[in-house]
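Here is the structure we will look at.
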Amino acid sequence: MSNVLRMILMRVALGIGLLFIVSLVIFWATELLPGDLATELLGQSATPETLAALREQLGLNDPAPVRYWNWLTGALTGDFGVSLSNGRPISELIGARLGNTVFLALYAAALSVPISLILGILAALWRNSIFDRAANAGALTAISFPEFFVAYILVLWLAQTGLFPSIVRINPTTTLGDRLYMSFLPALTLTLVVTAHMMRMTRAAIINLMASPYIEMARLKGLSPLRIVLRHALPNALAPIINVIALNLAYLITGVVVVEVVFVYPGLGQLMVDAVSNRDIAVVQAVALIFAGAYVTLNLIADVLSTITNPRLMHRR
Numbered sequence: 001m002s003n004v005l006r007m008i009l010m011r012v013a014l015g016i017g018l019l020f021i022v023s024l025v026i027f028w029a030t031e032l033l034p035g036d037l038a039t040e041l042l043g044q045s046a047t048p049e050t051l052a053a054l055r056e057q058l059g060l061n062d063p064a065p066v067r068y069w070n071w072l073t074g075a076l077t078g079d080f081g082v083s084l085s086n087g088r089p090i091s092e093l094i095g096a097r098l099g100n101t102v103f104l105a106l107y108a109a110a111l112s113v114p115i116s117l118i119l120g121i122l123a124a125l126w127r128n129s130i131f132d133r134a135a136n137a138g139a140l141t142a143i144s145f146p147e148f149f150v151a152y153i154l155v156l157w158l159a160q161t162g163l164f165p166s167i168v169r170i171n172p173t174t175t176l177g178d179r180l181y182m183s184f185l186p187a188l189t190l191t192l193v194v195t196a197h198m199m200r201m202t203r204a205a206i207i208n209l210m211a212s213p214y215i216e217m218a219r220l221k222g223l224s225p226l227r228i229v230l231r232h233a234l235p236n237a238l239a240p241i242i243n244v245i246a247l248n249l250a251y252l253i254t255g256v257v258v259v260e261v262v263f264v265y266p267g268l269g270q271l272m273v274d275a276v277s278n279r280d281i282a283v284v285q286a287v288a289l290i291f292a293g294a295y296v297t298l299n300l301i302a303d304v305l306s307t308i309t310n311p312r313l314m315h316r317r
């Protein structure tokens with residue numbers, strides 16, 4: 001148990017260090033954006049006195065390291081500042097959108113994880129069959145298309161026929177049933193994008209184990225192929241499968257920007273795009289940091305789970 005705790009603490013320390021580096025990249029990337037923020041907010045007709053007063057109010061006259069420190073310490077306490085476009089607290093804007101993004105990611109995960117596991121198991125069970133080839137061809141096709149193309153194809157096929165709405169209009173009072181119905185197309189888009197990767201990894205992990213001696217012994221005992229896969233191969237293939245599932249869940253959280261824009265979904269991705277359009281740098285920094293934190297956290301969970309489920313990694317010699 002001490003080895004597990006030591007490993008988890010080491011991974012957490014690495015995750016915190018990586019997140020610190022990412023925060024530096026986010027801050028300096030927004031600092032390198034061309035143009036003057038005060039001029040962009042007030043316009044070209046603003047007087048020098050007004051521009052100077054706004055720069056002082058926004059802290060733009062402070063050195064960059066001081067501004068980074070103030071931003072980072074505020075972010076650690078949940079205070080991301082105030083939106084420059086509407087004057088509302090950024091934490092309030094994020095709080096109103098974060099739940100929608102998490103709901104969409106969980107919705108897509110609830111669809112993609114069972115589908116990918118079932119397809120991967122069946123493709124491994126019926127290796128080189130017509131089903132296996134069709135599943136692999138479909139997976140490669142889904143991987144090849146970018147998210148916005150898949151989204152527009154679904155809009156063409158399912159939204160214009162009236163089956164599902166092409167624009168997601170949800171609010172805090174929307175019932176769960178209506179939310180599931182209106183969010184189906186963006187969730188299906190994300191499902192098609194991530195299912196292929198998880199399905200192929202599940203298939204490859206199981207096939208790699210099918211030549212193991214204990215699998216051969218199970219065959220000699222007369223066990224059915226399905227029972228061999230489910231009882232003997234799948235539990236020992238959990239490490240890479242869990243890892244790829246967690247990585248794709250991280251993508252579902254951070255990769256929703258394009259999908260949310262296509263379907264006008266009121267999530268963090270749409271908020272970030274609107275902030276970029278309005279040159280609301282503070283909101284861009286806050287949303288980017290949240291995305292980075294979610295990605296690093298889910299990668300950390302994937303690393304820990306894949307290590308715990310693999311005795312060879314837990315007991316190195």
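Quick note: the sequence shown uses UniProt numbering, first residue 1, plus one each step.
Even glycine gets a Cβ: it sits at the ideal position worked out from N, Cα and C.
Quickly, what does DSSP pair P48 with across the bridge? List them, please. P48 is not bridged to any residue.
Just the Cα atoms here: how many angstroms apart are D303 and M10? Rounded to the nearest angstrom, the two C-alpha atoms are 11 Å apart.
In terms of alpha-carbon separation, which member of I308, L300 and A292 lies closest to I21? That would be A292, whose Cα lies nearest to the Cα of I21.
For P146, three-class secondary structure by DSSP: Looking at P146 - three-state DSSP - the assignment turns out to be coil, as it is neither helix nor strand.
Run the CB neighbour count on I206, radius 10 Å, all protein chains shown included, and call it buried at 16 or more, exposed below. Buried is the label assigned to I206, since at least 16 other Cβ atoms lie within 10 Å of its Cβ.
If you reduce the DSSP assignment to three classes, tell me which class V155 lands in. Collapsing the DSSP output to three states places V155 in a helix.
Buried or exposed, going by whether 16 or more other CB atoms sit within 10 Å of the CB of Y214? Under this definition Y214 is an exposed residue.
Check whether the Cβ atoms of G81 and I90 sit closer than 7 Å, and answer yes or no. The Cβ-Cβ distance between G81 and I90 falls below 7 Å.
With DSSP as the reference, please indicate the residues paired to V82 in a beta bridge. Paired residue(s): P89.
Helix, strand or coil: how does DSSP classify R55 here? If DSSP states are grouped into helix, strand and coil, R55 belongs with the helices.
Could you give the DSSP three-state label for A211: helix, strand or coil? Of the three classes helix, strand and coil, the one that applies to A211 here is coil, per DSSP.
Return the CA-CA distance between G138 and A196, expressed in angstroms with no decimal places. Their backbone Cα atoms lie some 8 Å apart in a straight line.
Using DSSP with H/G/I as helix, E/B as strand and the rest coil, what is D62? Here DSSP, grouped into helix, strand and coil, assigns D62 to coil.
Cβ atoms of L268 and V287: under 7 Å apart, would you say? Yes, they are a contact pair.
Which whole-angstrom value describes the C-beta separation of Q285 and F103, a residue pair presumed to lie in contact below a C-beta threshold of 8 Å? Not quite, the Cβ-Cβ distance comes to about 24 Å (not below 8 Å), so this is no contact.
Reference A96, options L300, Y265, N278 and A29, closest by Cα: Minimum Cα-Cα distance from A96 among the listed residues L300, Y265, N278 and A29 corresponds to Y265.
Pull up the distance between the alpha-carbon of T101 and that of R203, whole angstroms please. Each residue's Cα considered, the two are about 30 Å apart.
I need the DSSP call for S166, collapsed to helix, strand or coil. In this structure, S166 counts as coil in the three-state DSSP scheme.
Figure out for me which residue from N70, F263 and G120 has the closest Cα to the Cα of A233. For the residues N70, F263 and G120, the minimum Cα distance to A233 belongs to G120.
Does the separation of the CB atoms of F164 and L158 fall below 7 Å? It is a contact, given that the beta carbons lie within the stated cut-off.
Within a Cβ cutoff of 7 Å, which residues of the same chain sit near V244, ignoring the five residues on either side of it in sequence? Here V244 has H197, M198 and M201 as same chain residues with Cβ atoms under 7 Å from its own Cβ, once five neighbours each way along the sequence are excluded.
Below 8 Å, how does it come out for the stretch 254-264 and the stretch 62-82: are there three or more Cβ pairs, yes or no? Taking a cut-off of 8 Å for Cβ pairs, the stretch 254-264 and the stretch 62-82 do not touch, as fewer than three such pairs fall below it.
Is it the case that the Cβ atoms of L220 and A237 are separated by a distance below 7 Å? In this structure, A237 does not lie closer than 7 Å to L220 by Cβ.
Spatial neighbours of L122 within its chain, please: CB distance less than 7 Å, with the 5 preceding and 5 following residues excluded, ordered by chain position. Cβ contact annotation for L122 (same chain, cutoff 7 Å, sequence separation greater than five): F131, in chain order.
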